[in-house]
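To start, the structure under review is shown below, and the notes come after it.
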Amino acid sequence: MQTGAATGTTKMQTFNNSLFGSFDDPLLHARAAQVALADIDVKNVHQQLTNPLMRPHDMFSNYFSTGIHDTAANIYQGLPSSSEQPFDASVIVPTSSDDQMTPLQQVMAMQSYGAPPPFAQYNMAHSFSTTSISNPTNIARYPIAPPTSELETDPRELERFAEHFKQRRIKLGVTQADVGKALAHLKMPGVGSLSQSTICRFESLTLSHNNMVALKPILHSWLEKAEEAMKQKDNIGDINGILPNTDKKRKRTSIAAPEKRLLEDYFKQQPRPSGERIAAIADRLDLKKNVVRVWFCNQRQKQKRDFRSQFRARNAAAAVMGPRVMPTSTNSAVKCGPFGAIPSFYD
DNA sequence: ATGCATGAGCC
DNA sequence: GCTCATGCATA
Numbered sequence: 001m002q003t004g005a006a007t008g009t010t011k012m013q014t015f016n017n018s019l020f021g022s023f024d025d026p027l028l029h030a031r032a033a034q035v036a037l038a039d040i041d042v043k044n045v046h047q048q049l050t051n052p053l054m055r056p057h058d059m060f061s062n063y064f065s066t067g068i069h070d071t072a073a074n075i076y077q078g079l080p081s082s083s084e085q086p087f088d089a090s091v092i093v094p095t096s097s098d099d100q101m102t103p104l105q106q107v108m109a110m111q112s113y114g115a116p117p118p119f120a121q122y123n124m125a126h127s128f129s130t131t132s133i134s135n136p137t138n139i140a141r142y143p144i145a146p147p148t149s150e151l152e153t154d155p156r157e158l159e160r161f162a163e164h165f166k167q168r169r170i171k172l173g174v175t176q177a178d179v180g181k182a183l184a185h186l187k188m189p190g191v192g193s194l195s196q197s198t199i200c201r202f203e204s205l206t207l208s209h210n211n212m213v214a215l216k217p218i219l220h221s222w223l224e225k226a227e228e229a230m231k232q233k234d235n236i237g238d239i240n241g242i243l244p245n246t247d248k249k250r251k252r253t254s255i256a257a258p259e260k261r262l263l264e265d266y267f268k269q270q271p272r273p274s275g276e277r278i279a280a281i282a283d284r285l286d287l288k289k290n291v292v293r294v295w296f297c298n299q300r301q302k303q304k305r306d307f308r309s310q311f312r313a314r315n316a317a318a319a320v321m322g323p324r325v326m327p328t329s330t331n332s333a334v335k336c337g338p339f340g341a342i343p344s345f346y347d
């Protein structure tokens, strides 16, 4: 499936370098973010993140609850615009590994800058207008996710943006991997690099809702810069050295089809097996217990995405067929919220 | 694009 | 040991 665009150097690399390397020193940002994290009330932040309303059990069903979007992740909203910074489209290679914190954790280290501007038509010139940071009293208010505008968390909006983002990225000739690395060069506090996987999942809407909401402003910001850089693309920067890859690679377990089928059967019977049951299954399938445990974890994560996927498909179909009638009794997904059917859901 | 893995925070 | 965000490795 490797589309060739996913990793490594491509013919676009040289051009890409001019696009990506120009934002700032990622190491400095990582540092700053860490310091910021140390300074904040982590407990409170986490309470936001783990608000019972949006906790585990199911982001899907919880999605419809009110207020669940006021999570720490949402403080991405209204980030200061990076576009006002002089844009040096000269060089630098996307460096990686400057993250001690995950992006989401980094988000938690960020401050709120007040309500975000609307996201009209993806006019890149407006996304994070400086007006969003013009209120100094809002800075450093923490923890607080400003009441998020519905626009920012609207699944349909996220869906639209993801599609828009993907199309523009491709138009720009930029790979998912490069976008991920470039993020570290953005002038966004607490924002580090992301992997190709994550960019891919964002575009394909296979992240959780909260994750989508958190990442959207960041990717939007990058896109804004990339578009800008594209306009003044004359200086194709230098080629950066390829660093020797001396790290030992992680080995990935591969579960054979027969075993996988059995695991799926077990999963249908009991998606949350006890430790004992896991051990028994592991024993029977001749797999390590931990492998089985992780498989179930991942399967549950996957299932949530699949639920949303089905939900969306159903509503998409319903949309084509015109005004929907009352959901049938079998159409359970449609019934899971105060809003009834929402004709859209990412993933 | 996706399967398996890791680590943080929580219970 | 769970969820969730995220990454590495690979089909």
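Residue numbers (full-length UniProt numbering): 1 to 347.
Backbone N, C-alpha and C fix where the C-beta goes; we use that ideal spot for every residue, glycine too.
Opening and closing residue of the alpha helix (DSSP H) in which residue 179 lies: As a working mapping, residue 179 is identified with position 179 in the first sequence. From DSSP, the alpha helix (DSSP H) with residue 179 extends over 176-182.
Is residue 161 near residue 209, with beta carbons less than 8 Å apart? Along the first sequence, one-based indexing puts residue 161 at 161. Along the first sequence, one-based indexing puts residue 209 at 209. The Cβ-Cβ distance between residue 161 and residue 209 does not fall below 8 Å.
Beta carbon of residue 197 nearer than 8 Å to that of residue 181
In the first sequence, counting from the first residue as 1, residue 197 sits at position 197. In the first sequence, counting from the first residue as 1, residue 181 sits at position 181. For the pair residue 197 and residue 181, the CB atoms are not nearer than the 8 Å cut-off.
Which residue wins for smallest C-alpha separation from residue 155, given the options 183, 189, 216 and 169? Taking the first residue of the first sequence as 1, we reach residue 155 at position 155. Here the closest residue by C-alpha is 216.
Original post:
Tell me which same chain residues have a C-beta within less than 8 Å of the C-beta of residue 96, skipping the five on either side of it?
Top reply: Sequence index remark: in the first sequence, residue 96 carries index 96 (1-based). Because the pLDDT at residue 96 is just 35, under 50, the model does not fix this residue reliably, and the value given afterwards should be weighed accordingly. Within the same chain, residue 96 has close Cβ partners 181, 184 and 193.
>> Suppose you measure from the CA of residue 190 to the CA of residue 269; what does that come to, to the nearest Å?
In response: The sequence position of residue 190 within the first sequence is 190, counting from 1. The sequence position of residue 269 within the first sequence is 269, counting from 1. Near 43 Å, if we compare the C-alpha coordinates of residue 269 and residue 190.
Return helix, strand or coil for residue 223, following the three-state DSSP convention.
Within the first sequence, numbered from 1, the residue matching residue 223 stands at position 223. Helix, per DSSP.
request  = Pick helix, strand or coil for residue 201, following the three-state DSSP scheme.
outcome  = On the first sequence, residue 201 is found 201 positions in, with the first residue counted as 1. Three-state DSSP puts residue 201 in a helix.
Q) Residues in its own chain within less than 6 Å of residue 293 by CB, not counting five upstream and five downstream? A) The residue given as residue 293 occupies position 293 in the first sequence. 278, listed in sequence order.
- Query: How many angstroms separate the CA atom of residue 263 from the CA atom of residue 204?
  - Reply: What you label residue 263 is simply residue 263 of the first sequence in a count that begins at 1. What you label residue 204 is simply residue 204 of the first sequence in a count that begins at 1. One Cα belongs to residue 263, the other to residue 204, and the distance between them is close to 26 Å.
| query | For residue 149, which of helix, strand or coil comes out of DSSP? | reply | In the first sequence, counting from the first residue as 1, residue 149 sits at position 149. Of the three classes helix, strand and coil, the one that applies to residue 149 here is coil, per DSSP.
Under 8 Å between the Cβ atoms of residue 281 and residue 271? Reading the first sequence from its first residue, position 281 is the one you call residue 281. Reading the first sequence from its first residue, position 271 is the one you call residue 271. No, they are not a contact pair.
ask   = Cα-Cα, which of 174, 152 and 296 is closest to residue 229?
value = One-based indexing of the first sequence puts residue 229 at position 229. Nearest option by C-alpha distance: 174.
Hey, residue 305 and residue 206: beta-carbon distance below 8 Å or not?
By 1-based counting over the first sequence, the position of residue 305 is 305. By 1-based counting over the first sequence, the position of residue 206 is 206. Against a cut-off of 8 Å, the Cβ pair of residue 206 and residue 305 comes out as a contact.
So, helix, strand or coil for residue 287, using DSSP? By 1-based counting over the first sequence, the position of residue 287 is 287. In the structure shown, residue 287 sits in coil (DSSP, three-state: anything other than H, G, I, E or B).
State the CB to CB distance for the pair residue 253 and residue 213, rounded to an integer number of angstroms; the pair is presumed to be in contact (CB under 8 Å). What you label residue 253 is simply residue 253 of the first sequence in a count that begins at 1. What you label residue 213 is simply residue 213 of the first sequence in a count that begins at 1. Actually they do not touch by this definition, with Cβ atoms about 32 Å apart.
**Asked** Taking C-beta to C-beta, are residue 255 and residue 223 nearer than 8 Å?
**Response** If you number the first sequence from 1, residue 255 lands on position 255. If you number the first sequence from 1, residue 223 lands on position 223. No, Cβ-Cβ distance for residue 255 and residue 223 is not below 8 Å.
| said: Mapping the DSSP letters down to three states, classify residue 191 as helix, strand or coil. | reply: Residue mapping note: residue 191 aligns to position 191 of the first sequence, counting from 1. Reduced to three states, the DSSP call for residue 191 is coil.
(Q) Rounding to the nearest angstrom, what Cα-Cα distance links residue 153 and residue 283 in this structure? (A) Indexing the first sequence from 1 puts residue 153 at position 153. Indexing the first sequence from 1 puts residue 283 at position 283. Rounded to the nearest angstrom, the two C-alpha atoms are 44 Å apart.
Checklist entry - Just checking my contact of residue 179 with residue 168 at CB under 8 Å: how many whole Å lie between their CB atoms? => result Position 179 of the first sequence holds residue 179. Position 168 of the first sequence holds residue 168. So it is not a contact: roughly 11 Å between Cβ atoms.
- Task: Locate the alpha helix (DSSP H) running through residue 262, then write down its first and last residues.
- Result: Stepping through the first sequence from its first residue, residue 262 is reached at position 262. From DSSP, the alpha helix (DSSP H) with residue 262 extends over 257-269.
*Give every residue of the same chain whose Cβ lies closer than 6 Å to the Cβ of residue 296, excluding the five residues on either side of it in the sequence, and list them in chain order.*
Indexing the first sequence from 1 puts residue 296 at position 296. Contacts found: none.
In terms of residues, what are the limits of the alpha helix (DSSP H) holding residue 351?
No information on residue 351 is available, as it lies outside the stretch 1 to 347 that the chain covers here.
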